[in-house]
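Reading through the structure tokens given below for one structure.
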Amino acid sequence: MGRNNLRTVISFEVGRTLGKRKFWFITLLVPIAIGIVIVLVSLGNSTAASTSDARSDAKLTFTYSDASGYVDPAVATALGGTIVTDEVAAIAAVKSGDEDAHFVYPADPAKTPTQVYGVDKGLFGNGEYDAVATQVLITSAQDQIGDPALTALAQGNVSVTSTTFTDGEETAGFMGMIPPLIFVGIFFLVFMLLSNQMLTSTLEEKENRVTEMILTTLNPTALISGKIMSLFIVGFVQVLVFLVPVLVAYVFFRTSLNLPVIDLSSFTFDPVQMIVGALLAVGGFALFTGTLVAIGAVMPTAKDAGSWFSALIVLMIVPLYSLSLVLSDPNSPVVQVFTYFPYSAPITAMLRNAFGSLAGWEAAIVITELFLLSAIVLQLAVRLFRYGSIEYTNKVSFKTALSRPKTTSTARR
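Going by full-length UniProt numbering, the sequence shown runs without a break in its numbering and finishes at 413.
Written as structure tokens, this is what we have:
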């Protein structure tokens, strides 16, 4: 019977939530906005590409003077340059628009900057002048050195591959941090989208004055458990709704959006880290959901519950303000407090898990703490809802709610 009640609550809550136009409006608002941005960016990139092609067809011409002797005339000519001796006249030609640009190479280009004068082509178009002036010097230097390998070394074009070890095992490095950090993003996304619904899931029945009727047919534990489970299901639906447009944009619009090709083989997926990250995210979500449901059972209106909600948000995000400390000194007292304090533990532990500073025994303690406290908060939420359901206009006293069973038992005797 209890299982049927739980299934009924979950089915009703999920169906009621997914059937609301407001839910789909809020859920689809961001994907639609992403789609609009994709279309606009695609059109903008197409226009920019057309403009770039038009500019490439019209080759840049420039004059230059060289006090260093490093500029190779053949290189400058090939790039559209003409050497001049009268700098004043050359700059005047640029001002009048008769010439695109004029470059003044100093005696020591390594210490003194090259002066560039050009016709204004806009903030981004003006960068072409600097690029061409620099290319003239680089290509001229390459020709004088003669050896391509030495030229690359002189420019600092040297690739370095680093391998680090922890306790004799090779560490994954930056590419191993990204996969576990996904759980941090999902946790934030789902919580921010569903926080209001978590808070009002028990308030709706109280404000509609139907809680007494519900409690005559449903067990409070099944009711609250069903609400929390329905929030998990709705959160999963919202994550899918957000991920689909992102995947579509990457698969079909990667070229037009100038998105880089993501090579999944370059990422390191540590099974232990991924499992720990998933458990921390689920445990943290369960704790915050149960807490908000309990707050909703205590407060008569959503407005009264707002201050408690703000406090939870602060507790959740406060570890982000100590991110540098989490990275540099995870064993510091501050980070340790954030790691084990229940309402700051999810974010702190997920960050440390991604950065590789969360030991296995620490992860086990935090995960156990989150799930155990979630179960306790669930029972508390059930009791608060049971005795707070008839308090439509007043806040429920924790002392009264927790002591009510004893009083009732005595009265029956």
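Virtual Cβ for every residue (Gly too), placed ideally from N, Cα, C.
Can you tell me whether DSSP reads residue i as helix, strand or coil?
i	result
Asp143	helix
Thr368	helix
residue 416	Nothing about residue 416 can be read from this structure; the chain reaches only from 1 to 413.
Ala268	Checking the displayed sequence, the identity of residue 268 turns out to be Thr instead of Ala. Three-state DSSP puts Thr268 in coil, outside helix and strand.
Leu358	coil
Ser195	helix
Ser159	coil
Tyr392	Caution applies to Tyr392, whose pLDDT of 48 falls short of 50 and renders its modelled position unreliable; the value that the coordinates give is listed next. Residue state, collapsed to three classes: coil.
Ser11	helix
Met1	Residue confidence for Met1 is low, a pLDDT of 48 falling below 50, so the modelled location carries little weight; the figure read from the coordinates is stated next. Note: Met1 maps to coil in three-state DSSP.
State the CB to CB distance for the pair residue i and residue j, rounded to an integer number of angstroms; the pair is presumed to be in contact (CB under 8 Å).
i	j	result
Gly118	Tyr129	4 Å
Phe285	Phe191	7 Å
Gly290	Ala381	6 Å
Leu287	Val377	6 Å
Ile182	Val293	With a Cβ gap of about 26 Å, Ile182 and Val293 do not count as contacting.
Pro179	Phe269	5 Å
Val184	Ile347	7 Å
Gly283	Ser374	6 Å
Val241	Thr27	5 Å
Ala354	Val366	With a Cβ gap of about 14 Å, Ala354 and Val366 do not count as contacting.
Val136	Leu79	6 Å
Phe103	Thr114	6 Å
Going by the C-beta, is residue i closer than 7 Å to any heavy atom of the ligand NAP?
i	result
Ala89	Questions concerning the ligand NAP fall outside what the structure shown contains, since it holds no ligand whatsoever.
Which runs of the alpha helix (DSSP H), 4 residues or longer, sit entirely within the stretch 44 to 131? 73 to 78 and 87 to 96
What alpha helix (DSSP H) runs, 4 residues minimum, are completely inside the stretch 279 to 347? 302 to 317, 323 to 328 and 333 to 340
Should the stretch 330 to 345 be called in touch with the stretch 234 to 251, which here means at least 3 C-beta pairs below 8 Å? no
Indicate whether the contact test is met: 3 or more Cβ pairs, each with one atom in the stretch 358 to 372 and one in the stretch 273 to 289, closer than 8 Å. yes
Quick one: any contact between the stretch 61 to 71 and the stretch 83 to 99, if contact means 3 or more CB pairs under 8 Å? yes
For the pair the stretch 367 to 378 and the stretch 279 to 290, tell me if three or more CB-CB distances fall below 8 Å. yes
Are the stretch 314 to 323 and the stretch 139 to 153 touching by the rule of at least three beta carbon pairs closer than 8 Å? no
Below 8 Å, how does it come out for the stretch 25 to 40 and the stretch 70 to 81: are there three or more Cβ pairs, yes or no? no
contact_flag[the stretch 289 to 298, the stretch 322 to 331] where n(CB pairs < 8 Å) is 3 or more: no
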